[in-house]
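Quick notes on the structure that follows.
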Amino acid sequence: MKSPPDQPVPAPQGGARHSVRADGWPKENGAQETDAPYPTNLDELTGLPGFGTWRGVYVFVFGSFILWVALLFVLTRIFS
Amino acid sequence: MNPLDFVVLIGSMVGIALYGIWRTRGHRDLNAYLKGDQNIGWATIGISVMATQASAITFISTPGQGYQDGLGFVQNYFGMPLALILIAAVFLPMYRRLNVYTAYEFLGRRFDAKTRLLGAALFLLQRGLAAGITIYAPAIILSTMLGWRLDLTIILSGLLVVIYTVIGGSEAVSLTQKYQMAIIFGGMVTAFIVLLVKLPANLTDALTVAGGFQKLHAMDFSFDFKQRYTFWSGLLGGLFLSLSYFGTDQSQVQRYISGASLRESRLGLMLNAVLKIPMQFFILLLGVMVFVFYQFEQPPVFFNDAAWNYAVKHDSGAQLHSLEQKFDAIHVEKQQLIHNWLDAKHAGNREAEAQARQQALAANGRSEAVRAEALTAVLAAHPGTKSNDSDYVFITFILDYLPHGVIGLLVAAFFAAALSSKAAELNALGSTTTIDFYRHVFKPEASDAHYVTASKWFTFFWGLVAIGFALFANLAENLIQAVNIVGSVFYGVVLALFLVAFFIRRVGGTAIFWAALMAQALVFALYFSLNISYLWYNFIGCAACVLFSLLIQAGLGPNTGPAASELKS
């Protein structure tokens, strides 16, 4: 027997559809399109110089990871 | 340790705890107590996440790991940046949108009440068992090396963390972690600087010696499953473990959902994604430099001084003295060979350099053989001794070579690390017990003040459990491994609950609940019948739970419950 969810979950409203992408996830930077209660326009901005979107931040983090791997590889090659 | 060291140690530990209590005095509502009123900035969140993960063992044992095995252990962290990106992009926005106190509330919203309770119960079981270890593991090393009573070390450090965590709640944990991490970083950087100053060789020569002894072999791209640390196991295994730990473990989730906004929480996670690998590299390099230091200075045969002295006094004295003399003689020979090696390098004589290096490596092999003999003798005299003395390398170096004041700072750093991770664990255990069990099951309609009081009592209870567990920990053999096994046995299924919740919308609450129970039963059955590395149970539990949930849901028909993206606060 299926247990009910903890709290009633309202059926998706028309407005709610604007807050999700076609793949079902909340939009990253579509502040004007979201109606979720917690994100404000400011929440969606990164506020970082040079990074307009979170996608850019993630690419930077991934790039720094690749850089560390490359540096460790070089260190291994030089001193082994 | 002299009085100056004790002033530094006690002053910093008690001072930080009092500051945390003072800054968070008067918190009465549940949001402030469990989520710090969600007014915490990204830097504090980032440091808090880092401090929660890094226990005292990280700072005591990791340099020892660098000393023993070199930099290869850094590969274990390669999956972490990718996991944190995924958590920041997918998990975190959902937790914040639903405004949950615990990660398991999300399971209740996405699936149903029974799945929420199952996830929370698995967390409490696993983290509750591990809670004592966070106090016990550093206490056993520090009390052994400093000659303190183990039970008093456990009780005093345990009570200190219980007091400020109970009084100040989540915000006190985050605030104190910030200053505790400052002590830790200050101590580790100071130790590194003093080490470099004391090194008889310059940095280039030190790196040459370290590289010659294969201590700078940081990357291994082989597909050899028997190799403990490779690029691939670090990337895939690390991704899996980091997703479980950072994405579903309440001790971490509670840290980053306390952010003033989604932006602050995300930046806190990204700070960790960028800094964790260099931080681990630095700690391992510190251990490698201690190794180089001990190529020029006489190291002890066995770094666990207390166990060595015990063995000398009980039957093995003559044999151990003989081994010590042999070890010292080889060391003198090795020192000369290393000097020859570096002289040949400076002179540009490659042939002589290679020859001296080979001879130094051979001498090192002989000294390691003597160390192995010494270990056998120590174990024979004192069977309870840890077979690996690398945990004692860094603390031995600190006590023997660092100036007073700095010794106090380093011991304070180890205690700060123990307290910071312990505080986050207690905070999470108290929160989950209050929110997912007490409020959800037993008393749904009470006031905020009532839940804050309940949360304080539950946190206090878990603190006593942790202290009690740590006090009796030495009754169980190889306890740390036992707790790791318990974690691996449960972690896979917990991760699967969340992965299905986020990514497989067709699966509903009933299917995932029974799938989780079946997968957990399968893991138990395999654990008692197979002889494989316990780390595999993470993967087996997760894969089995996902597969079973799909099969059960196919039998039940289409899921009519909400997808994760359709949930609202």
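Those protein sequences? They're chains A and B, same order as listed.
Numbering-wise, the first sequence is residues 13 to 92 according to our numbering.
Numbering-wise, the second sequence is residues 794 to 1362 according to our numbering.
We put the beta carbon where it would ideally sit given N, CA and C, even for glycine.
Out of curiosity, what's the CA-to-CA distance linking residue i and residue j?
i, j, result
"residue 1209 of chain B", "residue 952 of chain B", "14 Å"
"residue 900 of chain B", "residue 1099 of chain B", "49 Å"
"residue 1213 of chain B", "residue 1036 of chain B", "21 Å"
"residue 902 of chain B", "residue 1304 of chain B", "15 Å"
"residue 753 of chain B", "residue 996 of chain B", "A query on residue 753 of chain B cannot be resolved here, the shown segment of chain B reaching from 794 to 1362 and no further."
"residue 37 of chain A", "residue 883 of chain B", "Residue confidence for residue 37 of chain A is low, a pLDDT of 36 falling below 50, so the modelled location carries little weight; the figure read from the coordinates is stated next. Taking the straight line from one Cα to the other gives about 8 Å."
"residue 1227 of chain B", "residue 1167 of chain B", "51 Å"
"residue 1091 of chain B", "residue 1083 of chain B", "12 Å"
"residue 844 of chain B", "residue 798 of chain B", "23 Å"
"residue 964 of chain B", "residue 1112 of chain B", "55 Å"
"residue 76 of chain A", "residue 1011 of chain B", "17 Å"
"residue 973 of chain B", "residue 955 of chain B", "16 Å"
"residue 91 of chain A", "residue 1125 of chain B", "24 Å"
"residue 886 of chain B", "residue 962 of chain B", "23 Å"
"residue 1107 of chain B", "residue 850 of chain B", "30 Å"
"residue 960 of chain B", "residue 1242 of chain B", "13 Å"
"residue 827 of chain B", "residue 1224 of chain B", "7 Å"
"residue 1188 of chain B", "residue 1322 of chain B", "40 Å"
"residue 1260 of chain B", "residue 938 of chain B", "21 Å"
"residue 992 of chain B", "residue 1001 of chain B", "13 Å"
"residue 1327 of chain B", "residue 1291 of chain B", "21 Å"
"residue 53 of chain A", "residue 1059 of chain B", "Per-residue confidence for residue 53 of chain A stands at a pLDDT of 42, beneath the threshold of 50, marking its modelled position as unreliable; the derived number appears in the next sentence. If I take the Cα positions, the gap works out to 15 Å."
What does DSSP give as the partner residue(s) for residue i in the beta ladder?
i, result
"residue 1348 of chain B", "DSSP output for residue 1348 of chain B lists no bridge partner at all."
"residue 60 of chain A", "A:63"
"residue 1052 of chain B", "B:833"
Given residue i, which residues of its chain have a CB within under 7 Å of its CB, disregarding the five upstream and five downstream residues?
i, result
"residue 1061 of chain B", "835, 838, 839, 842, 1049, 1052"
"residue 1364 of chain B", "Here chain B comprises residues numbered 794 to 1362, so residue 1364 of chain B is not present and cannot be evaluated."
"residue 1346 of chain B", "1299, 1300, 1301, 1304, 1352"
"residue 1207 of chain B", "849, 852, 853, 931, 935"
"residue 829 of chain B", "963, 964, 967, 1051"
Closest Cβ-Cβ distance between residue i and chain B: below 8 Å?
i, result
"residue 68 of chain A", "no"
"residue 63 of chain A", "no"
"residue 76 of chain A", "yes"
Quick check: is the beta carbon of residue i nearer than 8 Å to any beta carbon in chain A?
i, result
"residue 1237 of chain B", "no"
"residue 1010 of chain B", "yes"
"residue 1209 of chain B", "no"
"residue 1007 of chain B", "yes"
"residue 867 of chain B", "yes"
"residue 1066 of chain B", "yes"
"residue 1070 of chain B", "yes"
"residue 874 of chain B", "yes"
"residue 1059 of chain B", "yes"
"residue 992 of chain B", "no"
"residue 1056 of chain B", "yes"
"residue 843 of chain B", "no"
"residue 859 of chain B", "no"
"residue 999 of chain B", "no"
"residue 878 of chain B", "yes"
"residue 1311 of chain B", "no"
"residue 1004 of chain B", "yes"
"residue 825 of chain B", "no"
"residue 1153 of chain B", "no"
"residue 882 of chain B", "yes"
Would residue i and residue j qualify as a contact pair, given that the criterion is a beta-carbon distance under 8 Å?
i, j, result
"residue 1229 of chain B", "residue 818 of chain B", "no"
"residue 869 of chain B", "residue 1027 of chain B", "yes"
"residue 1211 of chain B", "residue 958 of chain B", "no"
"residue 1264 of chain B", "residue 944 of chain B", "yes"
"residue 802 of chain B", "residue 1285 of chain B", "no"
"residue 852 of chain B", "residue 1063 of chain B", "no"
"residue 897 of chain B", "residue 916 of chain B", "yes"
"residue 1120 of chain B", "residue 1185 of chain B", "no"
"residue 871 of chain B", "residue 1024 of chain B", "yes"
"residue 1368 of chain B", "residue 1135 of chain B", "Given a span of 794 to 1362 for chain B in the structure shown, any question on residue 1368 of chain B remains unanswerable."
"residue 1251 of chain B", "residue 924 of chain B", "no"
"residue 1282 of chain B", "residue 1320 of chain B", "yes"
"residue 1123 of chain B", "residue 1159 of chain B", "yes"
I'd like the list of long-range same chain contacts for residue i, defined as Cβ closer than 6 Å, with 5 residues on each side in sequence excluded.
i, result
"residue 1109 of chain B", "1170, 1174"
"residue 1337 of chain B", "1312, 1315"
"residue 1066 of chain B", "874, 877"
"residue 1204 of chain B", "802"
"residue 1128 of chain B", "none"
Once the 5 residues before and after residue i are set aside, which same chain residues still bring their CB inside 8 Å of it?
i, result
"residue 60 of chain A", "69"
"residue 1014 of chain B", "1023, 1024, 1025"
"residue 1294 of chain B", "899, 900, 903, 904, 1305, 1357"
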